[in-house]
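Protein chains in written order, with my numbering: chain D, 1 to 420; chain H, 1001 to 1293; chain Z, 2001 to 2307; chain G, 3001 to 3371. The structure under discussion appears below in the form of C-alpha cells.
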Amino acid sequence: MFKKMLSVAAATAALLAFQPAAPARAADSVEVLHWWTSGGEAAGLAVLKKTLADQGVEWKDAPVAGGGGSGAMTTLKARMTAGNPPTASQMLGYAILDWAEAGALADLTPIAVANHWDSAIPKAIQKFATYEGKWIAAPVNVHSTNWIWVSKAAMDKVGLPAPTDWDSLIKVMDKAKSLGIIPLAQGGQAWQEATMFDSVVLTTGGADLYKKAMIDLDEGALKSPAMHTAFERMAKLRTYVDPNFPGRDWNLATSMVIKGEALLQVMGDWAKGEFINAKKEPGKDFLCFRFPGTQGVVTFNADQFVFFKHGSAPLDAGATKMATDIETASFQSAFNVIKGSAPARTDVPDTAFDACGKKAMADLKDAVAKNTLLGSSAQGYGVPPAIQNAMYDVITKLFNGQLTVDQAFAEFPKAIAAAK
Amino acid sequence: MSGRVDSGMAGGSVVTKIVIYGLLLFFALLFLTPLFVMLVTSFKSLDEIRDGNMLALPQNFTIEPWLKAWGTACIGLTCGGIKGYFGNSIEMVVPAVTISTLLGALNGYVLTKWRFPGHKMVFALMLFACFIPFQAVLIPVARVLGLVGLSGTVGGLIVVHVIYGLGFTTLFFRNYYEAFPSELVRAAMIDGAGFWQIFWRILLPASGPIIIVTVIFQFTNIWNDFLFGSSFTASESVPMTVALNNLVNTSTGVKEYNVDMAAAIIAALPTLFVYVVAGRYFVRGLMAGAVKG
Amino acid sequence: MSTTALESAAARRAQAGWRDRLQDWLPRIVLAPSFAIILLFVYGFILWTVYLSFTKSKMMPVYKLAGFDSYERLFAQPSWYMALGNIAIFGILYVGICIALGLLLAILLDQKIRGEGVLRPIYLYPMAVSFIVTGTAWKWFLNPGTGLEKTMQDWGWTSFHFDWLVNTDMAIYTIVIAGVWQAAGFCMAMFLAGLRGIDGEIMKAAQIDGASTYATYRRIVIPALRPVFLSAFIVLTHMAIKSYDLVIALTGGGPGNSTELPSTFMYSYTFTRNQMGVGASSAVIMLMTVAAIIVPYLYSELKEPVR
Amino acid sequence: MAFLEIKNLQKRYGKVDVLKGIDLDLDKGGFLVLVGPSGCGKSTLLNAIAGLETISGGDILIDGNVVNDLRPSMRDIAMVFQSYALYPNMTVAQNMAFGMEMRGVPKPEREAAVQRVAKLLQMGHLLERRPSQLSGGQRQRVAMGRALVRDPKLFLFDEPLSNLDAKLRVDMRTEIKKLHAATGTTIVYVTHDQIEAMTLATKIAVLRDGLLQQVGTPHEVYNRPANLFVAEFMGSPSMNLLTAKVAAGKGGMMLELAREHDAPILLRVPSSVVQTKLAAGQEVIVGIRPEAITDPDGADRNSTLVETVEAKVEVVEPAGSDTYVVTHAAGREVIARMRGDADVRPGQRIPFAFDLGRAVLFDPKTQVRLA
C-alpha cells in the first residue's frame, strides 16, 4: 500500500514537473494565428499558404476573428502562458514591440539581411518590425487610413468640385445635407471614430501636430489651441452623421455610400473591398480621396507576422520559408492586389494593381520620401494599446455627446497621462 | 395539477381566456422575433438584405446561404463550411458533459448521503465557484494546462469545462439527492450494498430528471462557450463557436449576413434540439429538485 | 434525526481491516479530487488574481509588488464608475424583470393552456442560442434605422420612436431587454416547476376560503415559491455578472462608453489594453461584490439546523 | 444467553445525549417492541442495532458476537422501513433479490427464495411490478418480503405500519403476528402505537428521553406500569390517575379522593400494595384503568376488592361494544368503561364499581409505582 502511494506520488510529481519542450512539430509545417477569416483577407493569406505548400510546408490554420485582433491576442496570451505558442502570428504595432520586449519573438535578422528588407521597407514601418537592432517581424502590407470614400452619384448631385481642404469639405457636406443626402456615413464604434480623429488632427495641424500630439504625446501639443480646434471639428463632423450610427459596423456605413444614401465615409483603404464586392468601379461609381487637407501624408496601419521562439532552437525550416516568402515581391503583389492595400515593400511593381491601388502605392512612396508616413494612433501604430484605448475613450465620448468639446479637450491629456 | 384557477374563473370567463392567450402569444411573438429575423435573412440574397426591411419575407428565396454556411464558406483559410466543426464540438461536449454530470452526481451523493464534518463548508466553497468570471482565470488555467501537457488539446478543453461546470452540477445533484429518501440508502446498506453499489444501483437509476436538467444546462453552456474554446485549442480542434465566430467576424472584409445567420442557426441546432425535445423533461427535472433553495 | 446514513467513525472500526477503513474514507476520497481541483482552479486563481492586482502587470503577469497602484488607476478611470453604475442598473433590472416575467409566463402557462408544449420551447430557446450571432439580429432590431422604429414608420406609425440603442442614456436598457429575452424563459421553467410542485389542495382550500385568484397567488402561491425565487436569484445574478457576449454583440460598450460593464472592462484592460494589473484589480472588486451578495445566501443555507 | 444483548448503550449527537445508557436483551424467537413518544430515541436505538448509526458507548451483541463496529451488511439483519424504502427502479422481485445479489448468492437460489417468500406472503402476482404500481398495503408486504427473503438472524421494523390506513394497519398487524408465529424469527420493532406494542410484543421496552422506563411482557407493562409515564402512555383511553390521601379507617388504611360539591370517595387500598408501607396523611396517586371502573353489574365477580361509589355522570360516549362514562373526582376527569347497552345519561347519579384489585398506587414525588 505504502509503496503504491509512493509510486503514485512520484508519478504525480513527474507529471507536474513535465515542462513541454519545444512541441515536436514537423520541420515543414507552420501554425499561423491570425484574424483574417473572411473575404479578401483570407484569400490573400491563401496565396501565402499556396506558396508555402509548393515548397512542401504544411499550413496549419489557427484563426481567431473578432475585435480587430483582440480575440487572437487573448488566445495568443493563453497559448504563450501555456508554453505552446504557434509558429507565427499576425500582429500589429506596439504589440510586436511588447512581445519582443518579453523575449518571445524569434530573430529574423539573417533572413532580412539576405533579402534586403532594410532597404525596401519604409523606416516608419521598420520602427515596429525591429527591436534593439534585430528584425522581429515581417511586414506584409501598408493600409492607409486617411481616405475618404465618396459616392459618385451623390457627388454629382452636389455638383461641387472634390474637396481639398477642411472648408471645402464642409461646403460639400452642407450642400449634401440640404439635398437630403446624409453627408457623412459613419460607423459607431470607438476605433472608427478614432480613425477619423487621426485625419481631423492631421488636417487641422498637419503632420507636425499629429506627430507631436498623437505619437509623441507632447503635453504642449496636446494642450495646444490646434487640438481644441480638432475637437471642435470632430463635434462639427458629428452634425453630419445620421442619428442611428452608434454600434454600426464600418461596412454598413460603406454600404450607405454604395447605395448613394450617404455622400462619403472616412475609412481605411480596406473599404474598397466592399465597393468591389458590390460590383462598383472606382472612378465610375465611387471616388477615393485623401482626407481633405491631408494630401501628401499617409497614416498607416501595417499587418505583420511575427515568429515565436521555441526554446533555444533556431527558427525551423518552415518558419524560415514563411518569413522569406512574405517579403518576396511576387507574394507582396499578389496578396495586396486581393487585400486592397499597398505592399510593405516599396520596390514591388504596381502593374497588377487597380487605379486606387496604384495611387496608394505612389502616395506611400511619396510619403516615405517626404518623411510623412505616420503611424495611425487609432490603429495601434502611434501609441501603445493602453494609451490608444484611453484616446478612444475620450474621442468616442465626445462623438456620442457624453463630453463637450471643452471637456474632451481637457480630458484628453489627462486620460493619456493616466494610461502611461 | 395545472388548471389552477379555472374553478375560480367559474367556468373560465372568455375574457380571462383571451387575456391569458393574448399575453402568451404576445410574448411568444416577441421571443420569436430574433429567430424570425435570422431565418428570413438567411434566405435572402445580400443585395436584398442591404436594401430591404429586416422583417420582410425574402422575395427571391434562396437556400444558397445555407449550403454555403454548411459546406463551402471560408473559415480562415479552410473553405469547408462549418460542417467539419460539429465533430470537434461533439468530441469536446460529450465527454465534458458526461464527466461533469457524473462528478456532480457523485459529489451530490457524498454531500447528502455520506456526510462528514464540514460537508456544508465544502459545498459552499464549491457553489461559490459558479460565480468566478472566466476572464479572470484564463491566464493561470493556461499555465496549468501547459504544465500538465494538456495545452492545445481537446483533452485540456474538456478538463477546463469539467472543472468550471462542477459547481453547478454539484448544486443540482445535491439539491436533488437532499430530497431523495435516505431510508432507501439505509435499506441498501442493510442489503449489503457498498458505496458504489448504492450509487450505481439505487441513486443513479432514480436520477433521470436531474440528469436531464444538468445535461441540458451543461450542454448549452459548453456548446456555446467561446472564450475557453478559442484560448485552449489549437488549429484543427477548434469547437463550433470559434469557427462560427471566425465566420461572422471580420475586421476588414465583407460581411455575408445571410451566410452568418444560416451558420448561426446550424450551429445552434443541437442545443435547440435539446431544448425542444427535452423541454418537457427540463421542467419536470427542475421540479424534482433543482429549484429547491 | 440525522439524514446521515453512516457517519464516519474510522477509529471505532479498529477491529475492521484496512479495507473497511478504506470504505469509511471512500466518500471523502471520491469528493477529494473535485474539491482539490476547485480549491486550485477557483480559490488558488482568485488568490493569484488578488496578488496580480497588487503588481504593475501590463501585457503579461509580473510578480513584483507595487502596492495599490492598480487600484488607484482603476478608481481614476471614469469608465470604471460607468461600469459600476451600469452593473447596478443592469443587475437589478435584469434579475427583477426576468423573475417578474418568468413568473408571469409560468403562471399563465399553468392555466391548463392548449399548446403549452409549443409555447414552452419558444420561451426557452433563446438560452440555447449563442449570442455571437443573435446579437446581430438584436442590433438590427433595436437600431432605429433598420429595426422596430423603421418598421413601425414604414407601416404608417410615423411618430413612433425607439432609439434607445443609439442613445447614451438609454443604451444600457437595450442590454437589459436582450438579456431578459435570453434568460426569462429559463426563469419561466424554474417557476413552472415550482408551481407544479405546489399541492393543488392548498389552492382549492384558498378558493373555498373566498380568496380571489389574485389573492390566492399573492398570498398562497408566491410565498410557497420562495425557494424558487432564491434559486432564480442565484442563477440570474451569476449570469448578470458574467454578461459579456451580450454587450459585445449589441453595443460593444457604446455609444461612447455608456454600456460598459465590469466584465467588459476587465476583459478590455486585461487583454486589449495590456493593463493586466488594473484588470486584476477590477476582477477583485467584482469578486468581492459577488461575495457580498452570495455569501449571505450561502450562510443562510449553512446555518440551517442539522435535521 | 440472550440472542440480542445491549449493554449500557449510549449515543450522542454533539452535546445532545440521545441514548443515555440502555440495557436490553432479547431471546431467540422473541418479539421486542420499542415504544415511546416521538423523540424518545427508539428509532436511534433501532438504527444503532442495525449499524446505521455509530454508537458513542456501550456494546451491542447479536448471537453472542459484539457487532459494534460491524457495518450493517455484516450483522445479518434485515430491516423494514416506515416508508418501505423500496428501490423505485427495480421490480418487486429485483427488490427482494437485491440483498442476496449483493451477497453474491447465485441467481437460481435467489429466484427460489423470492418465490418461496412470495408464496408465503401471497404476492406472487406482484413480482414483476414496480413499486410505483403498488398500493400502500402491497408495498408494505413487499418490504416485509424483502426482509424475510434473506432469512437473517434478526429483523428490525421501523414503524412499518404507520403509513397505512386504520383498517389495513389492523390487518397487517395480524399478518405480522402470524408471520412471527409461523417463522419463529427474532424481531425488534419500533412503534409509537401502544396497541401495536401490546398485540405484537413478547417483550415491550418503553423509552423516554433516551432512558428505558420499563421492560416487560405486555401484561406486566400494562397492568403493573413501573411509573406514571408508562401508566399514562400505555392503554387507550389511558389510565385514570387520581390524587388521593391515605387515611386510617376501620379495616386498615383507606384512600380518600376529594370531590367538588360531593362527599369524598373512600376506597380500600389496592391489593398490589403492601398496606403497612403506607402512612396516614401520605399523598399517593391511584392508577386505575377505565375497564376497572364499571357499572356494578359489569364488575369482576371474582374480585374481592370492588367498591361501589355513586357519582354524577358528566359525559357519555357510546363506543358500540362499550360505553365510556366520564365523571369527576380528585379534580380530574375519571373515565369508566361500562357495558355497551348501559342506560346512562349525563346528569344522572349512578353507582360506579371500582375494582381495586386492578389498581396501582404511585408516589407523586418519585412517580414510581408503590409496591
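Here a beta-carbon is modelled for each residue, glycine too, at the ideal position from N, C-alpha and C.
Checklist entry - How many Å lie between D:Arg-25 and G:Pro-3106 at the Cα? => result Bear in mind that a pLDDT of 45 at D:Arg-25, under 50, signals an unreliable position, so the model cannot answer this.
Checklist entry - Where do the N-terminal and C-terminal ends of the beta strand (DSSP E) with D:Trp-147 fall, by residue? => result First-last of the beta strand (DSSP E) with D:Trp-147: 147–151.
Checklist entry - Which residues in chain D sit within 8 Å of H:Asn-1245, going by Cβ to Cβ distance? => result From the beta-carbon of H:Asn-1245, the residues of chain D found nearer than 8 Å are Val-64, Ala-65, Gly-66, Gly-71.
Next on the checklist: So if I threshold CB-CB distances at 8 Å, which residues from the region 217–250 of chain D count as touching chain Z?
Outcome noted: The region 217–250 of chain D vs chain Z, Cβ under 8 Å: Asp-242, Pro-243, Asn-244, Phe-245, Pro-246, Gly-247, Arg-248.
Item to check | Under 8 Å by beta carbon: chain G residues contacting H:Pro-1181 | outcome: The contacting residues are Ser-3083, Ala-3085.
Next on the checklist: So the candidates are G:Ser-3236, G:Pro-3237, G:Glu-3232, G:Ala-3197; which of them puts its Cα closest to the Cα of G:Pro-3218?
Outcome noted: Just measuring C-alpha positions, the residue of G:Ser-3236, G:Pro-3237, G:Glu-3232, G:Ala-3197 sitting nearest G:Pro-3218 is G:Ala-3197.
Checklist entry - Can you check whether the CB of D:Ala-78 is closer than 7 Å to the CB of H:Ala-1142? => result Yes, the Cβ-Cβ distance between H:Ala-1142 and D:Ala-78 is below 7 Å.
Checklist entry - Whose C-beta lies closer than 6 Å to the C-beta of D:Ala-154 among residues of the same chain, with five residues either side of it excluded? => result If we look at D:Ala-154 and ignore the five residues flanking it on each side, its Cβ neighbours are Ile-181, Gly-260, Leu-263.
Next on the checklist: Against G:Arg-3103, what residues of chain H qualify as contacts under a CB-to-CB distance less than 7 Å, listed in chain order?
Outcome noted: Going along chain H in sequence order, the residues near G:Arg-3103 (Cβ under 7 Å) are Gly-1192.
Checklist entry - What number of angstroms, rounded off, separates the C-alpha of D:Tyr-131 from the C-alpha of D:Trp-117? => result One C-alpha to the other measures close to 14 Å.
Next on the checklist: Distance check for G:Leu-3241 and H:Leu-1286, CA to CA, integer angstroms please.
Outcome noted: H:Leu-1286 and G:Leu-3241 have their C-alpha atoms spaced approximately 55 Å apart.
Next on the checklist: Any C-beta of chain D within less than 7 Å: which residues of the region 1077–1110 of chain H qualify?
Outcome noted: Correct list: Leu-1077, Thr-1078.
Item to check | Residues in the region 80–104 of chain D having any Cβ partner in chain H nearer than 9 Å | outcome: Listed in sequence order: Met-80, Thr-81, Ala-82, Gly-83, Asn-84, Pro-86.
Checklist entry - What is the DSSP secondary structure of G:Ala-3336, counted as helix, strand or coil? => result Strand, per DSSP.
Checklist entry - What is the DSSP secondary structure of D:Val-266, reduced to helix, strand or coil? => result Under the three-state reduction of DSSP, D:Val-266 is assigned to strand.
Checklist entry - Would you call the region 2252–2266 of chain Z and the region 2161–2177 of chain Z touching, i.e. three or more CB-CB distances under 8 Å? => result At 8 Å Cβ cutoff, the stretches touch.
Checklist entry - Just reading off the alpha helix (DSSP H) that D:Met-322 is part of, what are its end residues? => result Counting along the chain, the alpha helix (DSSP H) containing D:Met-322 begins and ends at 317–326.
Checklist entry - Skipping 5 residues on each side, what residues in its chain have a beta carbon closer than 6 Å to that of H:Ser-1237? => result Residues of the same chain with a CB within less than 6 Å of the CB of H:Ser-1237, apart from the 5 flanking positions on each side, are Asn-1088, Val-1154 in chain order.
Checklist entry - Should G:Pro-3270 be listed as close to the ligand MG, given that the test is whether its C-beta is under 6 Å from any heavy atom? => result As for the ligand MG, it is missing from this structure, which has no ligand bound.
Next on the checklist: Using beta carbons (cut-off 7 Å, strictly below), is D:Asn-301 in contact with chain Z?
Outcome noted: Judged by the 7 Å Cβ criterion, D:Asn-301 is not in contact with chain Z.
Checklist entry - Does DSSP put G:Tyr-3087 in a helix, a strand or coil? => result Three-state DSSP puts G:Tyr-3087 in coil, outside helix and strand.
Checklist entry - Using a Cβ-Cβ distance under 7 Å, would Z:Phe-2265 count as near chain D? => result Not closer than 7 Å to any Cβ of chain D, the Cβ of Z:Phe-2265 fails to qualify, so no.
Checklist entry - Can you tell which of H:Gly-1194, H:Ile-1139, H:Ser-1042 has its C-alpha closest to the C-alpha of H:Ile-1266? => result From the listed residues H:Gly-1194, H:Ile-1139, H:Ser-1042, the smallest Cα separation to H:Ile-1266 is found for H:Ser-1042.
Checklist entry - Using a beta-carbon distance cut-off of less than 7 Å, what residues from the region 389–407 of chain D approach chain Z? => result Residues Asn-389, Asp-393, Thr-396, Lys-397, Asn-400, Gly-401, Gln-402.
Item to check | Cα-Cα separation, G:Glu-3333 to G:Thr-3327 | outcome: Those two C-alpha atoms are separated by around 6 Å.
Next on the checklist: Let's see if you can read the secondary structure: which residues bound the beta strand (DSSP E) around G:Gly-3287?
Outcome noted: Run containing G:Gly-3287: 3283–3288, per the beta strand (DSSP E) assignment.
Next on the checklist: Taking 8 Å as the limit between beta carbons, can you name the residues of its chain near G:Gly-3320, skipping five residues before and five after?
Outcome noted: The beta carbon of G:Gly-3320 sits closer than 8 Å to the beta carbons of Gly-3340 from its chain, once the five residues preceding and following it are set aside; these are given in chain order.
Item to check | Where G:Met-3074 falls, given that 16 or more other Cβ within 10 Å makes a residue buried | outcome: That one is exposed.
Next on the checklist: With DSSP as the reference, identify every bridge partner of G:Ile-3350, one or two as the case may be.
Outcome noted: DSSP lists G:Ala-3311 as partners of G:Ile-3350.
Next on the checklist: Using a 10 Å radius around the Cβ and a threshold of 16 neighbouring Cβ atoms, would you call Z:Tyr-2214 buried or exposed?
Outcome noted: The Cβ neighbour count for Z:Tyr-2214, taken over all protein chains shown within 10 Å, is under 16; the residue is labelled exposed.
Item to check | Neighbour-count burial assignment, H:Trp-1223, 16 or more Cβ in a 10 Å radius | outcome: Counting other Cβ atoms within 10 Å of its Cβ, H:Trp-1223 reaches 16 or more and is therefore classed as buried.
Item to check | Cut-off 7 Å between Cβ atoms - residues of its own chain near Z:Gln-2275, not counting five sequence neighbours on either side | outcome: Counting only Cβ-Cβ distances below 7 Å, and skipping sequence neighbours, we find Lys-2058, Tyr-2269.
Checklist entry - In chain order, what residues of the same chain have a beta carbon less than 8 Å from the beta carbon of Z:Leu-2101, not counting five sequence neighbours either side? => result For Z:Leu-2101, where only same-chain residues beyond five positions count, the Cβ hits under 8 Å are Val-2180, Ala-2184, Cys-2187, Met-2188.
Checklist entry - So what's G:Arg-3141 in DSSP terms, helix, strand or just coil? => result Here G:Arg-3141 sits in helix by DSSP.
Next on the checklist: Out of D:Lys-157, D:Thr-294, D:Asp-218, D:Gln-186, which one is the CA nearest neighbour of D:Leu-202?
Outcome noted: Per the Cα distances, D:Thr-294.
Checklist entry - Rounded C-beta distance between Z:Thr-2272 and D:Ser-376? I'm assuming under 8 Å. => result In this structure, Z:Thr-2272 and D:Ser-376 do not form a Cβ contact; the two beta carbons are roughly 17 Å apart against a cut-off of 8 Å.
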